[in-house]
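Novice: One structure follows; several queries about it will come next.
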Amino acid sequence: MNILLIGDVVGKIGRKTIAKTLPDLRKKLSLDLVVANVENIAHGSGVTENTLSEISPFLDFMTLGDHTFDKEKDLKTIFKNYNIIHPYNIENGINSGYKLLKIGNKKFLFINLVGKVFMKKSDNYFCPFSAFDDIYKKFKKENPFVIVDFHAETTSEKSAFFHYANDRANIIFGTHTHVPTSDLRVENNCFFVSDVGMVGSYNSVIGSSYESVIKSFLTEKPFKNEIPEDGETIFNSVLLNIDSNYIIKRFERVDIKSIV
Ligand SMILES: [Fe+2]
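Under numbering that gives the first Met the number 0, the sequence shown has 12 at position 13, and the numbering climbs by one with no breaks.
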């Protein structure tokens, strides 16, 4: 079984890159399961019904993060149409932090968590470590293959979570920073990467125009999301090969530059 994990898809250029890249990649890599973080698909922040319906045909499962509710507050109805979850440990969330799906002969438990360190809205998040414990306990008897998107700012929090949970999870992939890391490893048949990266404008600061982000640093004012709509793009992902006993056999980064 081949699983592709895709980093945060940013804006229209990110959606266009997914549409351009994934159909061929699916065939070329014989992909069985494609998972992506889509919390930035609606102009860099949040999701809408239109953006989800545009991108979802290319993806098998979608996760979110701290920007989940930036565009649409009432996502409960929209979520019913998709394989999508948002971080479980957000207070006042909509209880969609995990999902159990049968894929082939195996149950897969998808979990989405958000970190607390250096996250603007962290007062509204409860402990992701104990959140994981709570969810895992509910499904332990089903012996699922557990995939966690840990959406967080710091590599230390993500790495600590990996060492906390690798006796129960099988894939822990970091998202949120939009910067791909090379710390891929497997312990206890659990894969880890601190951050998968992003799908978006290559000529940008983590997806937004150079000008908008530099201006924000110079003025110390929040930056306005200005996202290039076309041009060079980067598609950051990680490919995993799992054998018929659900043992992780191989893993590698798949990072593709293109123009849309
Ligand atoms: Fe985020």
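Heads up, the beta-carbon is just placed ideally off N, CA and C, and yes, glycines get one too. Owing to the predicted nature of the structure, the values given are computational and were not obtained by experimental measurement.
Considering only the beta carbon of each residue, do PHE68 and GLY96 sit closer than 8 Å?
Specialist: Against a cut-off of 8 Å, the Cβ pair of GLY96 and PHE68 comes out as no contact.
Novice: So is SER29 buried or exposed if we call it buried at 16+ other beta carbons inside 10 Å?
Specialist: It counts as exposed.
Novice: Please list, following the chain, all residues that have a C-beta closer than 6 Å to any non-hydrogen atom of ligand 1.
Specialist: Taking each Cβ in turn, the ones that pass are GLU38, GLY64, ASP65, HIS66, HIS150 and HIS175.
Novice: Kindly provide the ranges of any beta strand (DSSP E) runs that are 3 or more residues long and lie completely inside the stretch 48–100, ordered along the chain.
Specialist: Within the stretch 48–100, the complete beta strand (DSSP E) runs of at least 3 residues are 60–62.
Novice: Taking the beta carbon of ASP194 as the centre, do at least 16 other beta carbons fall within 10 Å, making it buried, or is it exposed?
Specialist: ASP194 is buried by the Cβ-count criterion.
Novice: Evaluate ASP7 with the Cβ neighbour count: other Cβ atoms within 10 Å of its Cβ, from every protein chain shown; 16 or more gives buried, anything less gives exposed.
Specialist: Burial call: buried.
Novice: From this set, ASN91, GLU38 and HIS42, which residue's C-alpha is nearest ASP65's C-alpha?
Specialist: Comparing Cα positions, the closest option is GLU38.
Novice: Classify THR20: buried if its beta carbon has 16 or more other beta carbons within 10 angstroms, exposed otherwise.
Specialist: THR20 should be labelled buried.
Novice: Measuring straight from C-alpha to C-alpha, what distance separates ARG167 and SER52?
Specialist: C-alpha separation (whole angstroms): 33 Å.
Novice: State the DSSP-derived secondary structure class of GLU210, mapped to helix, strand or coil.
Specialist: GLU210 falls in the helix class under three-state DSSP.
Novice: So LEU21 is in the alpha helix (DSSP H); what residue range does that whole segment cover?
Specialist: Its alpha helix (DSSP H) spans residues 10–27.
Novice: Pick out whichever of LYS106, LYS105, ASN104 and THR76 has its Cα sitting closest to the Cα of ASN94.
Specialist: Residue THR76 is the option with its Cα nearest to ASN94.
Novice: Looking at the structure shown, is ASN123 part of a helix, part of a strand, or coil, going by DSSP?
Specialist: In the structure shown, ASN123 sits in a helix (DSSP, three-state: H, G or I).
Novice: CB ASN1 to CB LEU238, shorter than 8 Å?
Specialist: For ASN1 and LEU238, yes; Cβs fall inside 8 Å.
Novice: Which first and last residues belong to the beta strand (DSSP E) in which HIS150 is found?
Specialist: Segment 144–150, the beta strand (DSSP E) holding HIS150.
Novice: Can you confirm whether the stretch 149–165 touches the stretch 174–189 when touching is taken to mean that 3 or more C-beta pairs between the two stretches lie within less than 8 Å?
Specialist: Touching, per the Cβ criterion.
Novice: Let me confirm a value: GLY103 is counted as buried when at least 16 other C-beta atoms fall within 10 Å, else exposed. Which label applies?
Specialist: It counts as exposed.
Novice: Grouping DSSP H, G and I as helix and E and B as strand, with all else coil, what is ILE233?
Specialist: In the structure shown, ILE233 sits in a strand (DSSP, three-state: E or B).
Novice: Following the continuous beta strand (DSSP E) through SER200, name the residue where it begins and the one where it ends.
Specialist: Its beta strand (DSSP E) spans residues 197–200.
Novice: Is DSSP giving ASP132 helix, strand or coil here?
Specialist: ASP132 falls in the helix class under three-state DSSP.
Novice: Just to confirm, are PHE144 and LYS105 a CB contact at a threshold of 8 Å?
Specialist: Going by C-beta atoms, PHE144 is nearer than 8 Å to LYS105.
Novice: Hey, ASN36 and THR16: beta-carbon distance below 8 Å or not?
Specialist: Going by C-beta atoms, ASN36 is not nearer than 8 Å to THR16.
Novice: With a threshold of 16 other CB atoms inside 10 Å of the CB of SER129, please say whether the residue is buried or exposed.
Specialist: Label assigned to SER129: exposed.
Novice: With distances taken from CA atoms, which of VAL147, VAL198 and ASN49 is nearest ILE110?
Specialist: For ILE110, the nearest C-alpha among the options comes from VAL147.
Novice: With burial defined as no fewer than 16 other Cβ atoms inside 10 Å of the residue's Cβ, what is the status of VAL116: buried or exposed?
Specialist: Exposed, since its Cβ has fewer than 16 Cβ neighbours within 10 Å.
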